[in-house]
Amino acid sequence: MTDPRYPRYPQPGSVDHLDAEFLVHRAAIQDLVAAYSLLYDAGDYDGLGDLFTEDATYAFTPAPEGFPPSVSGRDKIVAAMAALREHNLRTRAAHQRHFVTNTVITRLDGDTAEARSLMAVAFAHPGNGRQEFTRSGVYADVLARQGSRWRIADRHLWLAELPAPRPGDTSAPEESRP
């Protein structure tokens with residue numbers, strides 16, 4: 093059941109839903125989204141795994157070369173992300189830097205929330221200081237509150253096309269569907 097204090101899709105710029113409880117949840121969700129990039133880039137796989145629910149799903153559209161389009165389960169997600177990070181370190185001889193911005197909570201309903209964030213990836217080359225911008229995309233997240241913590245239950249990283257602007261409308265251009 094939707095909490096009547098929070099519209100399913102808050103209107104950008106509206107203050108009607110911005111009570112203290114909503115702001116606390118928004119801050120926690122924004123910290124969660126930011127922590128993902130910091131932990132992944134640092135190679136802290138234990139910390140990274142702690143951000144996901146046990147049965148989480150992570151999907152890419154399109155999937156990076158050699159990476160499955162979807163992975164389910166916390167341990168499998170962490171193993172896949174670790175392999176992808178190590179592959180990038182080996183093949184690019186550089187460290188990844190994820191920049192996540194414009195995080196918007198599109199739904200907050202009890203113990204479930206949805207958020208969208210823009211992301212960009214750069215590689216920092218040691219020695220010469222060169223920065224290489226490589227990709228950008230959108231994270232479409234479904235989040236679950238477990239006790240006093242928010243965790244990622246489902247993450248879909250759209251690298252080619254932007255996702256639908258509203259949760260629940262998962263339509264994407266025909267050429268980008270997996």
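For the sequence shown, the positions run 93 to 270 when this note's numbering is used. A virtual CB, placed ideally from N, CA and C, is assigned to each residue, including glycine. The structure displayed is predicted, hence computed values, not measured ones.
Pairwise C-alpha distance: A214 and G239: 35 Å
For a minimum of 4 consecutive residues, which ranges assigned as the alpha helix (DSSP H) are wholly contained in the region 93-153? 112-134 and 137-141
Nearest to P161 by CA position, among D167, L143, K168 and A151, is which residue? A151
Please classify A134 as buried or exposed, where buried requires at least 16 neighbouring CB atoms within 10 angstroms. It is exposed - the Cβ of A134 has fewer than 16 other Cβ atoms within 10 Å.
Kindly confirm or deny that the region 221-239 and the region 157-171 touch, where touching means at least three C-beta pairs closer than 8 Å. no
Rounded Cβ spacing between T193 and R208 (contact assumed at less than 8 Å): Their Cβ separation, rounded to whole angstroms, is 11 Å, which puts T193 and R208 out of contact at 8 Å.
Residue burial classification, G92 (beta-carbon count within 10 angstroms, cutoff 16): Because the chain spans 93 through 270 in this model, residue 92 falls outside it and cannot be assessed.
Using the beta-carbon count (16 or more within 10 Å), is A245 buried or exposed? buried
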